[in-house]
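Worksheet: the structure to be examined is printed underneath.
Residue numbers (this note's numbering), protein chains in the order written: chain R, 91 to 294; chain Y, -12 to 482.
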């Protein structure tokens, strides 16, 4: 298992796997019963637990050929529903370091960003082609490059997009927002002194 | 620049000039509240947004507190964070320790974290415990013009007050604890304009299921939904909460209603609402936050409330809804993009195209959740249950949204109505909305549920099935053992 993301996230390389379907919600990524924990540590084994149970070994996350994959290829509105960060945590602890799909639910996207996991978008037809390529050859190595904004193997190259803000945060290693937010503590204090509802609805 | 003169709350004789927020940034409520809470522009283009009210529960906070400790940080503004326990609490016996050691560990961890950080915890038996999105409004914590964040997607509920309220992940909970702020990107605003009025027997739940069905579960991604129009203005606060609660099911991270007299009347006298001179100043300020009549929104979709019927979901996303008189759609009736998940829904739900939704047999009836677990929801349900009885073989239970809701309902005798009708009356919590406590479906059971999500496996069984509907419709389903148009019951009440 590679280390979790840390610092600059510029290029994610590795093999890929795909989860097909629109509107895959976070209840499916990590069912609620696994949220009964005070640490994220054990979630890697539980990712897609019910879907995997149903497919009895045939689920992509159980197939031997995908076991070392680090790039997940998905379709539209991936990660909708519950805000549970347990979902990207489970994916990350299984080994996922980047997600490429048609679109992502906003909270899921933000949760991934907070872990240093880029969620890059490509057009629906492109995603289908990438999924077919991944399914056809699980050994193929891919690289998601946040500088050139491409997902490429030695045989193909696809353009991907990430909004400028999140992309810059990843490339500069500032995706962990806590320290930036704390740098502005005095501005927070100033704002608190102005906000009507914190000042009996009058300014001082 | 024009200004509004308020009396200072501390010395009423001295006038203090406050520039009304409306004049700082003419536009939508979303724009105004956003601008008021903007701390700084962060490198990379996001905005540091101050969080006026941070709500915490036991499921998404333990790792946030751990993360805070790992970084050597403490809670910046413990007085701006309020905690409760809701997801994992049993609804039968709530005696400690809980029978489930994992649930007990989660609550004791929350208790320890709150005690160490000086955060108020509304625990079991305090009279203030309940689902986080039920207790914050009833305590008067949720107010117009605030930013409200919680590690829970249904935080959109608090937008009912004219707040910007949104769910966050655990890393962001840590950020709020550390800094009382968040790195956020501004959303666009889509006005959901609902003209006319809802018909008798049609509720806010039906309205939001109708909106989601129309715009899709990803239609709102990138948007805040501003609900407005005559049908919205006529809704009570609790109905507005139901509406905003499910904005996220349509992909919109927040939904809101502009504050008006109904909002103010609801807030007045609540424990954390302003009082005395501050009340009048607050109402003036709140009024100034409403979207200006000439404000430009990014998008607008118009609905006619009068055509909306009681609405029930048939599939595995909240967007797969049907009017009670409709049938499960065939693939040809759907957009190509909707067909794969519809195909999966036919299989998972074991419902075939052309099947009328009315008449689908149900096994379990659940009334509760942050969507529909408030007093008015229980009143609406009890009005249908009164004098009737749950059908043989159906398990039915009512889980009040909070201790306050439970005690108020008991004072009105609603618990007796439910019990006489064959429902179980439980203690407050999230319960079978997401089944993190012992309340869950078994096997392929199918539920009629007043909750918000019909995802595969959502209610605790990997192949359990959920039909979302209003509380009154849940009772109608319970009484007949199958999905039933509540309006037919209302027209022919049992004697």
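C-beta: ideal position from N, C-alpha, C; glycine also. Quick caveat: nothing in here was measured; it's all calculated off a predicted structure.
Worksheet item: Of all the CB atoms in chain R, is at least one closer than 8 Å to the CB of residue 429/Y?
Response: Translated into the one-based positions of the second chain, residue 429/Y becomes position 442. Chain R contact via Cβ: absent.
Worksheet entry | Element boundaries [beta strand (DSSP E), containing residue 68/Y] | As a working mapping, residue 68/Y is identified with position 81 in the second chain. First-last of the beta strand (DSSP E) with residue 68/Y: 68 to 71.
Discussion item. Going by the DSSP bridge assignment, what does residue 144/R pair with across the sheet?
Written reply: On the first chain, position 54 is the one that residue 144/R refers to. Answer by DSSP bridge pairing: none, since residue 144/R is not bridged.
Worksheet item: What's the C-alpha gap between residue 241/Y and residue 143/Y?
Response: Here the question's residue 241/Y lines up with position 254 in the second chain. Here the question's residue 143/Y lines up with position 156 in the second chain. If I take the Cα positions, the gap works out to 5 Å.
Practice prompt. Give a yes or no on whether the C-beta atoms belonging to residue 99/R and residue 178/R are separated by under 8 Å.
Written response: Taking the first chain and counting its residues from 1, the one referred to as residue 99/R is at position 9. Taking the first chain and counting its residues from 1, the one referred to as residue 178/R is at position 88. No, they are not a contact pair.
Worksheet item: How big is the Cα-Cα spacing for residue 438/Y and residue 187/R?
Response: What you label residue 438/Y is simply residue 451 of the second chain in a count that begins at 1. What you label residue 187/R is simply residue 97 of the first chain in a count that begins at 1. The straight-line gap from Cα to Cα measures roughly 34 Å.
Worksheet item: Do you know offhand how far residue 424/Y's Cα is from residue 275/Y's?
Response: Indexing the second chain from 1 puts residue 424/Y at position 437. Indexing the second chain from 1 puts residue 275/Y at position 288. Cα to Cα, the separation comes out at about 43 Å.
Item to complete: Using a threshold of 8 Å, state whether the C-beta atoms of residue 485/Y and residue 172/R are closer than that.
Response: Nothing about residue 485/Y can be read from this structure; chain Y reaches only from -12 to 482.
Item to complete: Could you tell me whether the region 140 to 150 of chain R touches the region 466 to 477 of chain Y, using the rule of 3 or more Cβ pairs below 8 Å?
Response: no
Item to complete: Kindly list, in the order they appear in chain R, the residues whose Cβ is closer than 7 Å to that of residue 92/Y.
Response: As a working mapping, residue 92/Y is identified with position 105 in the second chain. Result: 128.
Worksheet item: Where DSSP assigns a beta bridge to residue 161/R, which residues make up the other side?
Response: The residue given as residue 161/R occupies position 71 in the first chain. Answer is 106/R, 188/R, bridged to residue 161/R.
Fill in: Alpha carbon of residue 228/Y to alpha carbon of residue 49/Y, nearest angstrom
Here residue 228/Y corresponds to residue number 241 of the second chain, with the count starting at 1. Here residue 49/Y corresponds to residue number 62 of the second chain, with the count starting at 1. Roughly 27 Å between the two C-alpha positions.
Discussion item. Quick check on the burial criterion: 16 or more other C-beta atoms within 10 angstroms. Buried or exposed for residue 101/R?
Written reply: Translated into positions along the first chain, residue 101/R becomes position 11. The residue in question, residue 101/R, is exposed, as its Cβ has fewer than 16 Cβ neighbours within 10 Å.
Discussion item. Within 8 Å of any Cβ in chain R, is that where the Cβ of residue 380/Y sits?
Written reply: As a first step, residue 380/Y is located in the second chain; it is residue number 393 there, counting from the start. Chain R contact via Cβ: absent.
Worksheet item: Helix, strand or coil for residue 20/Y per DSSP?
Response: Translated into the one-based positions of the second chain, residue 20/Y becomes position 33. In the structure shown, residue 20/Y sits in a helix (DSSP, three-state: H, G or I).
Discussion item. Can you find the residues in the same chain that come closer than 6 Å, C-beta to C-beta, to residue 120/Y, ignoring five residues on each side of it along the sequence?
Written reply: As a first step, residue 120/Y is located in the second chain; it is residue number 133 there, counting from the start. For residue 120/Y, where only same-chain residues beyond five positions count, the Cβ hits under 6 Å are 141, 144, 357.
Worksheet entry | When 223/Y, 252/Y, 135/Y are compared against residue 67/Y, the one with the closest alpha-carbon | Position 80 of the second chain, counted from the start, is the residue given in the question as residue 67/Y. Cα-wise, what sits closest to residue 67/Y is 135/Y.
Worksheet item: Between the region 281 to 299 of chain Y and the region 181 to 193 of chain Y, do three or more beta carbon pairs fall short of 8 Å?
Response: yes
Discussion item. Suppose you measure from the CA of residue 341/Y to the CA of residue 315/Y; what does that come to, to the nearest Å?
Written reply: Along the second chain, one-based indexing puts residue 341/Y at 354. Along the second chain, one-based indexing puts residue 315/Y at 328. Rounded to whole angstroms, residue 341/Y to residue 315/Y spans 5 Å at the Cα level.
Item to complete: For residue 175/R, name the three-state secondary structure that DSSP assigns.
Response: Translated into positions along the first chain, residue 175/R becomes position 85. Coil.
Worksheet item: Taking three-plus beta-carbon pairs below 8 Å as touching, is the region 280 to 292 of chain Y in contact with the region 261 to 269 of chain Y?
Response: no
Worksheet item: With 16 as the cutoff for other CB atoms within 10 Å, does residue 10/Y come out buried or exposed?
Response: Locating residue 10/Y in the second chain gives position 23, where the first residue counts as 1. Caution is warranted here: a pLDDT of 47 is assigned to residue 10/Y, below 50, making its placement in the model unreliable, and no coordinate value can be reported.
Practice prompt. State yes or no: is the C-beta of residue 176/Y within less than 8 Å of the C-beta of residue 38/Y?
Written response: Taking the second chain and counting its residues from 1, the one referred to as residue 176/Y is at position 189. Taking the second chain and counting its residues from 1, the one referred to as residue 38/Y is at position 51. Cβ distance not < 8 Å, so residue 176/Y and residue 38/Y don't count as in contact.
Fill in: Spatial distance of residue 119/R from residue 174/R (CA atoms)
Here residue 119/R is taken as the residue at index 29 of the first chain, counted from 1. Here residue 174/R is taken as the residue at index 84 of the first chain, counted from 1. Approximately 10 Å, taken between the alpha carbons.
Fill in: Straight-line Cα distance separating residue 117/R from residue 427/Y
As a working note, residue 427/Y is residue 440 in the second chain. As a working note, residue 117/R is residue 27 in the first chain. Each residue's Cα considered, the two are about 15 Å apart.
Item to complete: Mind checking which residues open and close the alpha helix (DSSP H) that includes residue 354/Y?
Response: Reading the second chain from its first residue, position 367 is the one you call residue 354/Y. Residue 354/Y -> not in any alpha helix (DSSP H); beta strand (DSSP E) instead, spanning 351 to 354.
Worksheet entry | For residue 383/Y, the nearest candidate out of 184/Y, 353/Y, 373/Y (CA to CA) | Your numbering for residue 383/Y matches position 396 in the second chain. Ranking 184/Y, 353/Y, 373/Y by Cα distance to residue 383/Y puts 353/Y first.
Discussion item. Threshold first: 4 residues or longer. Then list the alpha helix (DSSP H) segments lying entirely within the region 290 to 356 of chain Y, N to C.
Written reply: 326 to 336
Fill in: Beta carbon of residue 85/Y nearer than 8 Å to that of residue 94/Y
Residue 85/Y sits at position 98 when you count from the first residue of the second chain. Residue 94/Y sits at position 107 when you count from the first residue of the second chain. Cβ atoms of residue 85/Y and residue 94/Y: closer than 8 Å.
Worksheet entry | Limits of the beta strand (DSSP E) - the one that residue 43/Y falls within | Here residue 43/Y corresponds to residue number 56 of the second chain, with the count starting at 1. Segment 40 to 43, the beta strand (DSSP E) holding residue 43/Y.
Item to complete: Measure from the alpha carbon of residue 250/Y to the alpha carbon of each residue in 219/Y, 263/Y, 238/Y, then state which is nearest.
Response: As a position in the second chain, residue 250/Y is number 263, starting the count at 1. Checking every option, the nearest Cα to that of residue 250/Y belongs to 219/Y.
Fill in: Start-to-end residues for the alpha helix (DSSP H) that takes in residue 122/Y
Taking the first residue of the second chain as 1, we reach residue 122/Y at position 135. 119 to 125 is the span of the alpha helix (DSSP H), which, as asked, contains residue 122/Y.
Worksheet item: How about residue 89/Y: is its C-beta nearer than 8 Å to some C-beta of chain R?
Response: Taking the second chain and counting its residues from 1, one reaches residue 89/Y at position 102. With 8 Å as the cut-off, residue 89/Y counts as an interface residue toward chain R.
Item to complete: Enumerate, from N- to C-terminal direction, the unbroken beta strand (DSSP E) stretches of 3 or more residues contained entirely within the region 134 to 202 of chain Y.
Response: 134 to 137, 151 to 154, 168 to 171, 175 to 182
Item to complete: Consult DSSP for residue 233/R and reduce its assignment to one of helix, strand or coil.
Response: For this step, residue 233/R is matched to residue 143 along the first chain. Residue state, collapsed to three classes: strand.
Worksheet item: Nearest-angstrom Cα distance between residue 63/Y and residue 232/R?
Response: To locate residue 63/Y, count along the second chain from 1; it is residue 76. To locate residue 232/R, count along the first chain from 1; it is residue 142. Between residue 63/Y and residue 232/R, the C-alpha separation is close to 43 Å.
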